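The opening residue of the sequence shown carries number 10 in the working numbering; numbering runs sequentially from there.
Ideal Cβ placement from N, Cα and C applies to all residues, glycine included.
Small disclaimer: the values here were computed from a predicted structure and weren't measured.
Shown next, in structure tokens, is the structure this report addresses.
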Amino acid sequence: MGDDRAGSDDEIARAVLASSPNAVIALDRDQTVLVWNRAAERLFGWSAEEMLGRRAPIVPGELTAEHNAVLERVRTGGQVSLRTKRLRRDGTVLDLRVDTSALLTGSAVAGYVFVHHLTEADEAARTRMARRARLVRRLTDVVGDINAELELPAVLDRIAASLTELTGADAGGFVLIEDERLRLVSVHQLPDSLKGVTAELRTSLVGKLLRTGKTVMLESQGLGDLVWAELDGLHTIALGLAAVGGRPYGALYALFAKRKPGHLELELLELLAGHAGIAVGNAVAYQEAVRQRAHERAVFDASADGIAVLDRAGRVSQWNPAAAELTAMPVEAVIGGPLPFPLPSPGEKLTYQLETGRWLDVVSAEIEETGEVVIDFRDVTTAKELEEAKDLFLATTSHELRTPITIVRGFASTLDSRWDKLSDAERRAAVHTIAERARSLGQLMDHLLLGARAGADEPPVRIEAFDLAERIHAATLGLPVLSDRHRVEVAISDALPHVRGDALATDIILGQLLENAFKYSPRGGLISVGAWPEEDAVVVVVDDEGVGIAAPDRERVFERFVQVDSGDRRRFGGVGLGLYIVRSLARAQGGDVSAHPRPGGGTRMRLVLGNASLIRSDTPMR
Numbered sequence: 010m011g012d013d014r015a016g017s018d019d020e021i022a023r024a025v026l027a028s029s030p031n032a033v034i035a036l037d038r039d040q041t042v043l044v045w046n047r048a049a050e051r052l053f054g055w056s057a058e059e060m061l062g063r064r065a066p067i068v069p070g071e072l073t074a075e076h077n078a079v080l081e082r083v084r085t086g087g088q089v090s091l092r093t094k095r096l097r098r099d100g101t102v103l104d105l106r107v108d109t110s111a112l113l114t115g116s117a118v119a120g121y122v123f124v125h126h127l128t129e130a131d132e133a134a135r136t137r138m139a140r141r142a143r144l145v146r147r148l149t150d151v152v153g154d155i156n157a158e159l160e161l162p163a164v165l166d167r168i169a170a171s172l173t174e175l176t177g178a179d180a181g182g183f184v185l186i187e188d189e190r191l192r193l194v195s196v197h198q199l200p201d202s203l204k205g206v207t208a209e210l211r212t213s214l215v216g217k218l219l220r221t222g223k224t225v226m227l228e229s230q231g232l233g234d235l236v237w238a239e240l241d242g243l244h245t246i247a248l249g250l251a252a253v254g255g256r257p258y259g260a261l262y263a264l265f266a267k268r269k270p271g272h273l274e275l276e277l278l279e280l281l282a283g284h285a286g287i288a289v290g291n292a293v294a295y296q297e298a299v300r301q302r303a304h305e306r307a308v309f310d311a312s313a314d315g316i317a318v319l320d321r322a323g324r325v326s327q328w329n330p331a332a333a334e335l336t337a338m339p340v341e342a343v344i345g346g347p348l349p350f351p352l353p354s355p356g357e358k359l360t361y362q363l364e365t366g367r368w369l370d371v372v373s374a375e376i377e378e379t380g381e382v383v384i385d386f387r388d389v390t391t392a393k394e395l396e397e398a399k400d401l402f403l404a405t406t407s408h409e410l411r412t413p414i415t416i417v418r419g420f421a422s423t424l425d426s427r428w429d430k431l432s433d434a435e436r437r438a439a440v441h442t443i444a445e446r447a448r449s450l451g452q453l454m455d456h457l458l459l460g461a462r463a464g465a466d467e468p469p470v471r472i473e474a475f476d477l478a479e480r481i482h483a484a485t486l487g488l489p490v491l492s493d494r495h496r497v498e499v500a501i502s503d504a505l506p507h508v509r510g511d512a513l514a515t516d517i518i519l520g521q522l523l524e525n526a527f528k529y530s531p532r533g534g535l536i537s538v539g540a541w542p543e544e545d546a547v548v549v550v551v552d553d554e555g556v557g558i559a560a561p562d563r564e565r566v567f568e569r570f571v572q573v574d575s576g577d578r579r580r581f582g583g584v585g586l587g588l589y590i591v592r593s594l595a596r597a598q599g600g601d602v603s604a605h606p607r608p609g610g611g612t613r614m615r616l617v618l619g620n621a622s623l624i625r626s627d628t629p630m631r
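Listed below in structure tokens is the structure:
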């Protein structure tokens, strides 16, 4: 009898649905049609056979968000009645009232029930639609404001503030998705101290929303354990996913403590969240572009090479600090004008000398997309000068070697072929000449070897205390008889302290300085040597009354292979290594040597060594 009663109830239910004047549609949780009554067939133009088991194409595209919001609202309890629009099979737009409720099997939501009926617009419907229209217009304005911002913090703050304005929520916030975590980056009507709080994505409400495949969700359970519980009386959270092109950037949280959200609030939240995703995506892209631009500018400005950019018309549009320094032309003097030196073809290198005397290596490359040309140039003056100095060194060395070798070979040949015909005096003179020239060759080779070792940072020195006065006396002993045109005077301070360095290296230094003093004072004159303590050092000076050294060359004379062309110095020969070796040996001992003008004319060479009595034995020499 029970089964008969159940069957009777089913028949009655089917009869009620068939007889209802209102279109009744039931959907499962996936929105597949379960029930499509006769009134629905009449109202929408599709038969039940055509609709059962498929999705009903009756919701206009622009109302999809509204429809989803209604479903989410009734899923959490309650009914929704609203005036809206639906589509007929023939494309006609119907103005309907739709009452929506959950389809329950016991306490579980199995789907949704919709009752549609035609109705005349009443005052309540007009008020609701007018409010919706106002909010949608306001949403349009808000979206415009948000999209006008490009700085990410400003975008996020504007989104959070707009959320409470549009949905009537009591507070709101925005979280960014960063890999597998969430970070709270903006709040409204909540303490700022919450900013920066992070949570695991998988166990969060955002993770739950992502797993549903929806874009909006209501939650009213278990809120007390969330950071949002800072809002007193919190009872409902509406959550909207901010995504662009399927990529979620974050989520909007609308927090309700005084009122309940309706379908309109959920619709607006869904729309705002969608636009927020676009705005955040744009801001992130802009931020990355700004960061990349700043990185490129930093590289451009910090480059040791000069870099210039020419526009399509060949005018300079960019000029980095190194370019200004290398050319001595400030940016304001160059921008908008032509490149101040020739432009090589792409892929080729041009070596060009500026009016300042500086040499540049210039290369260029064209940016096909913009038609701009990038020019890179660097200072090669030192390399150019070294190249020229080496050429001069090779020529000079060849000359310096050829002369004594020619003389040695000539006298040796004479002795070999005419020995018996020469007197003893002539033979002794020839042998003496050969010995002198061999000594000159040996000295030249010693200079070359010392120069090579100094250039390889291997000066042969041993640091210890020694008597400098003794080395000066030994170096100057016998000098007065070498030339009848020179006078030699030595003035050494009484009780000159010992110095810390290498005695043999100092002998070489003193010998070279004295040799130069004789060499570069061909007309004779006074050569004086003095030594005295000075602060924590000991100073040795060698003065001559010779041709002197021009001011611009007083540092260059200590470079390898340099033969100063100014004045009369170049005519005295040499390979340009003597003073280079002198300075290398002096600095290897922790001292230095420098060239100065002598009062009254000539040159003063000043050697400085460390005072051994003031330097601890374990102090390294630098």
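Under the three-state reduction of DSSP, which class applies to Arg-615: helix, strand or coil?
Counting from one through the sequence shown, the residue named residue 615 turns up at place 606. Note: Arg-615 maps to strand in three-state DSSP.
According to DSSP, simplified to helix, strand and coil, what is Ile-501?
As a position in the sequence shown, residue 501 is number 492, starting the count at 1. The answer is strand: DSSP assigns Ile-501 an E or B state.
Cα separation between Leu-373 and Pro-355?
Stepping through the sequence shown from its first residue, residue 373 is reached at position 364. Stepping through the sequence shown from its first residue, residue 355 is reached at position 346. In the sequence as presented, Leu is not what sits at residue 373; that position holds Ser. Approximately 5 Å between the Cα atoms of the pair.
Express the C-alpha separation of Ile-414 and His-408 in angstroms, rounding to a whole number.
In the sequence shown, the residue the question calls residue 408 occupies position 399. In the sequence shown, the residue the question calls residue 414 occupies position 405. Since pLDDT at His-408 reaches only 47, below the 50 mark, its modelled position is unreliable, and the value read off the structure follows with that caveat. Rounded to whole angstroms, His-408 to Ile-414 spans 10 Å at the Cα level.
Report yes if the C-beta distance between Gly-600 and Asp-552 is below 9 Å; otherwise report no.
Against the sequence shown, residue 600 aligns to sequence position 591. Against the sequence shown, residue 552 aligns to sequence position 543. It is not a contact, given that the beta carbons lie outside the stated cut-off.
Selection from Arg-51, Thr-207 and Val-44 that minimises the alpha carbon distance to Arg-64:
By 1-based counting over the sequence shown, the position of residue 64 is 55. Residue Val-44 is the option with its Cα nearest to Arg-64.
Return the first residue and the last residue of the alpha helix (DSSP H) that Glu-81 is part of.
By one-based count along the sequence shown, residue 81 stands at place 72. Unbroken alpha helix (DSSP H) run through Glu-81: 73 to 84.
Would you check if the distance between the CB atom of Pro-2 and the CB atom of Ala-540 is smaller than 9 Å?
Residue 2 lies beyond the range of the chain shown here (10 to 631); nothing can be said about it.
Cβ-based burial, Gln-362 [other Cβ within 10 Å; buried from 16]
Position 353 of the sequence shown holds residue 362. By the 10 Å Cβ count, Gln-362 comes out exposed.
Between His-125 and Ile-67, what straight-line distance do the alpha-carbon atoms span, to the nearest angstrom?
Position 116 of the sequence shown, counting from 1, holds the residue named residue 125. Position 58 of the sequence shown, counting from 1, holds the residue named residue 67. Approximately 12 Å between the Cα atoms of the pair.
Pairs of beta-carbons, one from the segment 437 to 445 and one from the segment 468 to 484, closer than 8 Å: are there three or more?
no
Nearest neighbour of Thr-212, chosen from Thr-224, Gly-231, Leu-199 and Leu-203 [CA to CA]
To locate residue 212, count along the sequence shown from 1; it is residue 203. For Thr-212, the closest of Thr-224, Gly-231, Leu-199 and Leu-203 by C-alpha to C-alpha distance is Gly-231.
Cβ neighbours of Asp-511 in the same chain (closer than 7 Å, five flanking residues each side left out)
Within the sequence shown, residue 511 is the residue found at index 502, counting from 1. The answer, listed in chain order, is Val-470, Arg-471, Ile-472 and Gln-598.
Coarse secondary structure for His-482, derived from DSSP in three states:
Residue numbering aside, residue 482 sits at position 473 when the sequence shown is read from its first letter. The answer is helix: DSSP assigns His-482 an H, G or I state.
Name the one or two DSSP bridge partners that Ala-540 has.
Here the question's residue 540 lines up with position 531 in the sequence shown. Paired residues: Ile-501 and Val-549.
Quick one: using the 10 Å Cβ neighbour count with 16 as the cut-off for buried, is Gln-521 buried or exposed?
Along the sequence shown, read from residue 1 onward, the residue named residue 521 stands at position 512. Classification of Gln-521: buried, given that the 10 Å Cβ count is 16 or more.
Which term fits Glu-498, buried or exposed, when burial requires 16 or more other beta carbons within 10 angstroms of its beta carbon?
As a first step, residue 498 must be located in the sequence shown, where it is residue number 489. Flag for Glu-498 reads exposed.
For a minimum of 4 consecutive residues, which ranges assigned as the alpha helix (DSSP H) are wholly contained in the segment 11 to 65?
11 to 28, 47 to 53 and 57 to 60
In terms of DSSP beta bridges, what is Thr-245 paired with?
Taking the first residue of the sequence shown as 1, we reach residue 245 at position 236. DSSP lists Phe-265 as partners of Thr-245.
Please classify Phe-183: does DSSP put it in a helix, a strand, or coil?
If you number the sequence shown from 1, residue 183 lands on position 174. Strand.
Please classify Ile-34: is it buried, with 16 or more other beta-carbons within 10 angstroms of its beta-carbon, or exposed?
Here residue 34 refers to the residue found at position 25 of the sequence shown. Buried, by the Cβ-count rule.
Within 10 angstroms of the Cβ of Asp-179, are there 16 or more other Cβ atoms? Answer buried if so, exposed if not.
Here residue 179 refers to the residue found at position 170 when the sequence shown is read from its first residue. Label assigned to Asp-179: buried.
Hey, quick one: how far does the beta strand (DSSP E) through Leu-105 stretch, first residue to last?
Stepping through the sequence shown from its first residue, residue 105 is reached at position 96. Where Leu-105 is concerned, the enclosing beta strand (DSSP E) stretches over 102 to 114.
If you run the structure through DSSP and keep just helix, strand and coil, what is Pro-162?
As a working note, residue 162 is residue 153 in the sequence shown. In this structure, Pro-162 counts as helix in the three-state DSSP scheme.
Alpha carbons only, please: which of Leu-210, Val-556 and Thr-221 is nearest the one belonging to Arg-192?
Looking up residue 192 in the sequence shown gives position 183. Here the closest residue by C-alpha is Leu-210.
Could you tell me the boundaries of the alpha helix (DSSP H) in which Ala-591 lies?
As a first step, residue 591 is located in the sequence shown; it is residue number 582 there, counting from the start. For the sequence presented, residue 591 should be read as Val rather than Ala. Per DSSP, Val-591 belongs to the alpha helix (DSSP H) from 587 to 597.
Option in Val-602, Met-338, Lys-358 and Gln-40 with minimal Cα separation from Glu-364:
Numbered from its first residue, the sequence shown carries residue 364 at position 355. The shortest Cα separation from Glu-364 among Val-602, Met-338, Lys-358 and Gln-40 belongs to Met-338.
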